[in-house]
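I have placed the structure first, in the form of structure tokens, so that the comments after it can refer back to it.
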Amino acid sequence: MSKEDLKEPEVINNLALEQELLEQQPSELAQIAIANGNARRGKRLFYTSAAACFACHDPPGNALKFGPDLTKLSKPMKPEDWVNAVLYPSKQIDKEFAQVSVLTDEGKVISGIRRRSHTPNVYVTFSTYCPVHFLLW
4 MSKEDLKEPE
14 VINNLALEQE
24 LLEQQPSELA
34 QIAIANGNAR
44 RGKRLFYTSA
54 AACFACHDPP
64 GNALKFGPDL
74 TKLSKPMKPE
84 DWVNAVLYPS
94 KQIDKEFAQV
104 SVLTDEGKVI
114 SGIRRRSHTP
124 NVYVTFSTYC
134 PVHFLLW
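If you're matching positions, the sequence shown starts at 4 in this note's numbering and goes up one per residue.
Next comes the structure, spelled out in structure tokens:
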């Protein structure tokens, strides 16, 4: 993100904005965005709003990605699908980024992202970027 993108900090009430957006139809919001959208503002919101979109989709450094790279999506999306994805980010999660929880024999619940699994083995990666191997019985 450039310094220009961070200029003129904007105070946004996330709850009020969310309520306003949820009151409109996704197709209507998509048309408004197409006609009046501001890419620089959108980028600033992506990286600086309380929603913290960047934390999953474009984390700094070598941090683990908990969401897909939005610049490299494999299938096309209609504008209203983008609106729905922004308003309801957890509604449809790519299986590559689906969170799993494992209950250990000790009764501890560990959550992370399944990186690969071949029954009875499951490999889960956590925010520490450390893959853990579980043997399922």
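The beta-carbon is built from N, C-alpha and C at its ideal position, and this holds for glycine as well.
Counted as a single uninterrupted DSSP element, the stretch harbouring L24 is not any beta strand (DSSP E) but the alpha helix (DSSP H) occupying residues 17 to 25.
Residue range 42 to 51 is occupied by the alpha helix (DSSP H) that includes L48.
Assigned with DSSP and collapsed to three states, I35 falls in helix. Non-local beta-carbon contacts of F57 in its own chain, meaning distances under 7 angstroms to residues more than five positions away in sequence, involve F49, Y50 in chain order. In the three-state DSSP reduction, S77 falls in the coil class, being neither helix nor strand. Counting only the Cα atoms, I113 lies some 33 angstroms from R47.
Note that the segment 100 to 113 does not touch the segment 74 to 81; fewer than 3 beta-carbon pairs, one per stretch, sit closer than 8 angstroms.
Here DSSP, grouped into helix, strand and coil, assigns S30 to helix.
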